[in-house]
Amino acid sequence: MTFTPDRRQFLAGAAGLGIFAALAGCSSSSSSTGGGTSQPNAAPSNPDGPYGRFSGQKLVLSRWSGDPWTSEQQTAAAQWGKDTGGSITFAAVPYENLQDKQTLTLSGAGGYDILYVHPSWFGEFAKGGLLAPVGGYLADASRNPPGFSAASYLPAPLAQGKYNGTLYGLPDFISTVLLAYRKDLLQQAGINPPATLEDVLAAAAKLDGKNGMYGLALPGAKTGGVSDVVSTILTAQGNWWYNSIPKATLSDAAASTAVQFYVTAAKSAPPGLLSAAVDDAATSGATGKAAMVISTSPSLQALQDPSKSSTVGKWGYAPLAVAADKPSGELVYWLWCIAAKSASKDAAYSFLQWYTNTQQQALIAVQGGTAGGTKSFYTDSALTAKLPFLPALNQALTNTNPQPNLPNWPQAQDAIETAVQNAVSGKLSVSAAVAAMQSAVQTGVSS
Amino acid sequence: MSRVARHRPAAARRPGAGLGLAMLTPTAILLTALILVPVGYSAYLALYRWQLIDINGPKTFVGAANFTQLLHDATLRDALRNTVVYVVTCVTVELALGFAIAVALYDITKGRRLANSLILLPMIVTPVVTALLWRYLLDPQFGLVSQVLAVFGRPGIDWFGSTSLALPGLMLIDVWQWTPFVVLVLHAGMLAIPEERLEAAAVDGAGRVRRLRHIVVPALVPQILLVLLFRTMDTYRIFDTVYVLTKGGPGDSTTTVGLYAYQTGFSYLNMGYAMVLSLFILITISAISVFYLILLRRRGVLRR
Amino acid sequence: MPRQATPQAAATMPAAQPQSRRRVKRRRDWWVYGCYAVLVLFLLWVLVPILQVALNSFKTENDIFTSKPRVTFHPTLSNYHTVFGQLAFLHYLLNSTIVAVGTTVLSLVVGVPAAYALARLPVPGREWWAGGILFTRMAPAVALVVPIFVIFDRLQLLGTYWALILADTTFNLPIVIWLMRGFFEEVPVELEEAAVVDGTSRFGAFTRVALPLVTPGLAASAVLCLLFSWNEFLFALVLSNSQTQTVPIGVAGFVGTVSIDWGGSSAAAVIAMIPVFALGLLAQRFLVRGLTLGAVKG
Numbered sequence: 043m044t045f046t047p048d049r050r051q052f053l054a055g056a057a058g059l060g061i062f063a064a065l066a067g068c069s070s071s072s073s074s075t076g077g078g079t080s081q082p083n084a085a086p087s088n089p090d091g092p093y094g095r096f097s098g099q100k101l102v103l104s105r106w107s108g109d110p111w112t113s114e115q116q117t118a119a120a121q122w123g124k125d126t127g128g129s130i131t132f133a134a135v136p137y138e139n140l141q142d143k144q145t146l147t148l149s150g151a152g153g154y155d156i157l158y159v160h161p162s163w164f165g166e167f168a169k170g171g172l173l174a175p176v177g178g179y180l181a182d183a184s185r186n187p188p189g190f191s192a193a194s195y196l197p198a199p200l201a202q203g204k205y206n207g208t209l210y211g212l213p214d215f216i217s218t219v220l221l222a223y224r225k226d227l228l229q230q231a232g233i234n235p236p237a238t239l240e241d242v243l244a245a246a247a248k249l250d251g252k253n254g255m256y257g258l259a260l261p262g263a264k265t266g267g268v269s270d271v272v273s274t275i276l277t278a279q280g281n282w283w284y285n286s287i288p289k290a291t292l293s294d295a296a297a298s299t300a301v302q303f304y305v306t307a308a309k310s311a312p313p314g315l316l317s318a319a320v321d322d323a324a325t326s327g328a329t330g331k332a333a334m335v336i337s338t339s340p341s342l343q344a345l346q347d348p349s350k351s352s353t354v355g356k357w358g359y360a361p362l363a364v365a366a367d368k369p370s371g372e373l374v375y376w377l378w379c380i381a382a383k384s385a386s387k388d389a390a391y392s393f394l395q396w397y398t399n400t401q402q403q404a405l406i407a408v409q410g411g412t413a414g415g416t417k418s419f420y421t422d423s424a425l426t427a428k429l430p431f432l433p434a435l436n437q438a439l440t441n442t443n444p445q446p447n448l449p450n451w452p453q454a455q456d457a458i459e460t461a462v463q464n465a466v467s468g469k470l471s472v473s474a475a476v477a478a479m480q481s482a483v484q485t486g487v488s489s
Numbered sequence: 218m219s220r221v222a223r224h225r226p227a228a229a230r231r232p233g234a235g236l237g238l239a240m241l242t243p244t245a246i247l248l249t250a251l252i253l254v255p256v257g258y259s260a261y262l263a264l265y266r267w268q269l270i271d272i273n274g275p276k277t278f279v280g281a282a283n284f285t286q287l288l289h290d291a292t293l294r295d296a297l298r299n300t301v302v303y304v305v306t307c308v309t310v311e312l313a314l315g316f317a318i319a320v321a322l323y324d325i326t327k328g329r330r331l332a333n334s335l336i337l338l339p340m341i342v343t344p345v346v347t348a349l350l351w352r353y354l355l356d357p358q359f360g361l362v363s364q365v366l367a368v369f370g371r372p373g374i375d376w377f378g379s380t381s382l383a384l385p386g387l388m389l390i391d392v393w394q395w396t397p398f399v400v401l402v403l404h405a406g407m408l409a410i411p412e413e414r415l416e417a418a419a420v421d422g423a424g425r426v427r428r429l430r431h432i433v434v435p436a437l438v439p440q441i442l443l444v445l446l447f448r449t450m451d452t453y454r455i456f457d458t459v460y461v462l463t464k465g466g467p468g469d470s471t472t473t474v475g476l477y478a479y480q481t482g483f484s485y486l487n488m489g490y491a492m493v494l495s496l497f498i499l500i501t502i503s504a505i506s507v508f509y510l511i512l513l514r515r516r517g518v519l520r521r
Numbered sequence: 275m276p277r278q279a280t281p282q283a284a285a286t287m288p289a290a291q292p293q294s295r296r297r298v299k300r301r302r303d304w305w306v307y308g309c310y311a312v313l314v315l316f317l318l319w320v321l322v323p324i325l326q327v328a329l330n331s332f333k334t335e336n337d338i339f340t341s342k343p344r345v346t347f348h349p350t351l352s353n354y355h356t357v358f359g360q361l362a363f364l365h366y367l368l369n370s371t372i373v374a375v376g377t378t379v380l381s382l383v384v385g386v387p388a389a390y391a392l393a394r395l396p397v398p399g400r401e402w403w404a405g406g407i408l409f410t411r412m413a414p415a416v417a418l419v420v421p422i423f424v425i426f427d428r429l430q431l432l433g434t435y436w437a438l439i440l441a442d443t444t445f446n447l448p449i450v451i452w453l454m455r456g457f458f459e460e461v462p463v464e465l466e467e468a469a470v471v472d473g474t475s476r477f478g479a480f481t482r483v484a485l486p487l488v489t490p491g492l493a494a495s496a497v498l499c500l501l502f503s504w505n506e507f508l509f510a511l512v513l514s515n516s517q518t519q520t521v522p523i524g525v526a527g528f529v530g531t532v533s534i535d536w537g538g539s540s541a542a543a544v545i546a547m548i549p550v551f552a553l554g555l556l557a558q559r560f561l562v563r564g565l566t567l568g569a570v571k572g
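Note that the protein sequences, when read in sequence, are chains A, B and C.
For our numbering, add 42 to where a residue sits in the first sequence, where the first one is 1.
For our numbering, add 217 to where a residue sits in the second sequence, where the first one is 1.
For our numbering, add 274 to where a residue sits in the third sequence, where the first one is 1.
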């Protein structure tokens, strides 16, 4: 059977293409946002429900796709929709590309109403006028549950949501770097739960090699985990990368302690340290290959998940500390913001207020391994029972610095992590790595 | 061939040319509007210092500052070195291996269709999954490779955490993923070789290897050239797998120019310099391609 | 199959050369077995990782991360539940299919005539055209992403299928043109000249004579267009919205902020492979056709 197109087949083909073209063109118009009616002050239909009625309003929420909590947030969004009459669609892109996608969409024709924004690009968005202020909504008593105001949030994360004194975002996804240790193994070896980093290293050295296990798993890849751990160690010594000017304030001694910690820890770490991200470190612990894990609290949730962990219930948690009575952490959080170009700001605020409040946050906390941004979250005893690391998180949060969020920081962070990697692999001495970190910080604070 | 065409009267040549230009017009429009204009615009944007957020707003003019930065960039030198190693190794291995497999495919009698389809699978798998898959396979603790080694009592090899093995690991993935492309193109080319020429040569007593050397390879030159050009272009700009697997690490051992350009623009938010880096990539690839074309044309094997 | 013509031809040779026939036959058997062996080894290398992905799609994370190879494990369909239920994966598949088919058709319709023109028609400056077309394929994505975003934003095509189809076509065109040009050059000129002398137009010579003889090239081009478009990530990310997102973005979503869903991404990969694999099998039919015609003529 040969392929010889004759006129009829040609026309048929062309007609087919035409239909296809028409279909392709019209079937994909972006979901229209706005529309509908808005009654922001309507009381909630059920207690603890969202304020306002927004029947017919359509909102688009921008976040990353996949873990954690997409399905929980979708459930919450569906619930909100039922209670208020509006609807929220999720526009989720892979996490690595979230900043770019949000930047392009907000700077271009728009299309997002609610945004999940990371601190590192929050300042840029606020400066560019892409976000709507929320302070006014928060102060409006008719839109909020009785007694709910800015004071209901933890002061440190809420302060991070301000730019030039105006509040643009509400915080959640509170997490930090913690130590998780196998209570049973430490007890067997007669070691007390580690109180300082030196204790951690000593315990790791002692447990390394026993029963085919490694002493300590921690992140070593250039994906941010290294920076989080190093930052925590700096905070524990009362030091930080830069001050508010911003001017570099990194001390050689503090940096040297951090680098030395990594170099020593590498000796008791599983192979593949330099390609391990935070979840790899947690997996090593969960599958019973490492006796201790230092990682971010969301990733440590894997230790509690029966589908991922064969060591559920065997873990104890502690904050990192250099001096025994000074626990420390790095404040990791995300901000919920409203797009300046949104046509449904009232509806958006209604969702944000309801979602960042304790009740909703409690529902997702267990799944995601993070804590909410409101004060009442930490006084809920039922939660503390379900989240074994919550006390450790609480302690860590007493002494924190927020994740660096200067515009030039990503490049600096990359260089800092490279320096640590080079120190671990022996390419650089500890002092040379510290020098590299100092010059990286200079790049980071420059404008 | 063109010899015949030249004997035609001049009047009859023009209709052919007209039709030819008409056939080329849609291509010209598409490519100019969506490639040449954007490249020109990028070159223009390279004169500014800006970030993605300034895309529709005002940008700071810096003239040639971005271009001069190119000359002092040490990371670029490292990236170039890594990229050259990557390109040369991958293209050579893929071409050699692809050719061998294409020949093997050609000479078997049964199961060719199934083999053809199965061979395409590495190209079909989503690149993100390919990267994750090989990270898993080469994982020093859980990967298949390490498990096999463990049977022999050797410890697991840490591929992507080691400065010396990370780049070879990436090259392994590239060969796995793209050799099927070479096989596909070369095999299709072999199928177009007229049977009779090979039969006649066989009858004349030429062995397989002689037939390969003197009939198959010369007939495949357009396809070989295409494979060389496109694989070089694509390996030179490699970015997906590096980004997912190592982000240029450990240290700087797997930073390639493609990754560096992307990171400069999208991670370090220096779009102006990223445009300059892209132009640099474009110019160097063009130079290499011109080199290929001249090399293969001078050997007289391209029919013109 | 065409290859079988040769043994028969050799067998019908006059007995005057029995020695060479026997020598050729023995070498051929050894050679063919060698080919099979090479192919099996290569296929093993190709398929083992794929099988690993397929296996992982049926495992829980516990089973994926075991350090001792375990032949048995508890299979689970939970990953497939995640893929189909939680994420709108069928939606992604549909989007990817529309874009892939659209760009393949458009690339072939635009590119094949262009390739013919460069191969056979006396277009002035042919070499420059070919070189220019190749040049457009060399531009790195970073240089193109922002300007193309701006262009489609102004044209209000963002979030439509056309944006992606057009973008993918600009990457597919050069390869279609260069590949098909090679095939068109192999078609014996005399056949076309004969057809023109017989009264067909030049365009007719293209459609009736040249085109049927290059079906292996067409099939290969179609497969390549489908594959490149199916797996294209960066432009799909930038030019699509939640309605038109394609498979690679959906799969990349399994790489979360704190963990990678290995089981889920494997399941998604398996599902994503099936349509394209089926299309590839279909295209294989055409990778043989052209040859028999070529053998009959000439």
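Cβ coordinates follow ideal geometry from the N, Cα and C atoms, glycine included.
When only Cα atoms are considered, A:Gly267 and A:Thr460 end up about 12 Å apart. Within the region 330 to 377 of chain B, the complete alpha helix (DSSP H) segments of 4 residues or longer fall at 338 to 341, 344 to 354 and 361 to 368, listed in chain order. Annotation: Cβ neighbours of C:Val529 in chain A (cutoff 8 Å, chain order): Gly108, Pro136, Tyr137 and Glu138. Rounded to whole angstroms, A:Leu249 and A:Met255 show a C-alpha spacing of 8 Å. Per DSSP, the continuous beta strand (DSSP E) segment holding A:Ile156 begins and ends at Ile156 to Val159. Taking a contact to require three or more Cβ pairs closer than 8 Å, the region 491 to 503 of chain C and the region 387 to 405 of chain B qualify as touching.
A:Thr398 sits in a helix when the DSSP states are folded into three classes.
At a Cβ-Cβ threshold of 8 Å, A:Tyr375 and A:Pro92 do not count as neighbours.
Per DSSP, A:Trp106 is one residue of the beta strand (DSSP E) stretching across Lys100 to Trp106. Within the region 478 to 520 of chain C, the alpha helix (DSSP H) runs of at least 4 residues that lie entirely inside it are, in chain order, 489 to 504 and 508 to 513. Taking all protein chains in view, the Cβ of B:Val507 is surrounded by fewer than 16 other Cβ atoms within 10 Å, so the residue is classified as exposed.
CA-CA distance, A:Gly411 to B:Val301, rounds to 44 Å.
With a beta-carbon spacing of about 5 Å, C:Thr443 and C:Ser381 fall inside the 8 Å limit used to define contacts. In the displayed model, B:Leu429 falls within a helix according to three-state DSSP. B:Tyr323 carries a helical assignment under DSSP once its states are collapsed to helix, strand and coil. Straight across, the Cα-Cα distance linking B:Asp457 with B:Val368 is about 33 Å. By the Cβ-count criterion, B:Glu413 is exposed, with fewer than 16 other Cβ atoms from all chains shown falling within 10 Å of its own Cβ. Close to chain C, meaning a Cβ-Cβ distance shorter than 9 Å, are the following residues of the region 325 to 340 of chain B: Ile325, Thr326, Lys327, Gly328, Arg329, Arg330, Leu331, Ala332, Asn333, Ser334, Leu335, Ile336, Leu337, Leu338, Pro339 and Met340.
Annotation: A:Glu114 to A:Ala389 spans about 20 Å, alpha carbon to alpha carbon.
Interface annotation, A:Gln453: in contact with chain B, CB-CB separation under 8 Å. Using a Cβ-Cβ cut-off of 8 Å, C:Thr443 is close to nothing in chain A; its nearest Cβ partner there is about 12 Å away. Interface annotation, A:Pro446: not in contact with chain B, CB-CB separation never under 8 Å. Ranked by Cα distance from A:Leu292, the options A:Thr485, A:Thr131, A:Ser80 and A:Ala85 are led by A:Thr485. Interface flag for C:Ala526 against chain A is set, since a Cβ pair is found closer than 8 Å.
Contact between the region 374 to 393 of chain B and the region 359 to 371 of chain C is absent: fewer than three C-beta pairs spanning the two stretches fall below 8 Å. A residue is called buried once 16 or more other Cβ atoms fall within 10 Å of its Cβ, and B:Ala313, having fewer, is exposed. Excluding sequence positions up to five before and after B:Ala332, its CB lies within less than 7 Å of the CB of Leu322, all in the same chain and listed in chain order. Residues Gln268 and Leu269 of the same chain have their beta carbon placed closer than 7 Å to that of B:Leu486, with the five preceding and five following residues left out of the count. C:Met454 is outside the set of residues whose beta carbon lies under 8 Å from a beta carbon in chain B. Beta-bridge partners assigned by DSSP to A:Glu372: A:Asn443. DSSP lists A:Trp357 as the beta-bridge partner residues of A:Arg224. DSSP, reduced to helix, strand and coil, places A:Pro213 within a strand of the structure shown.
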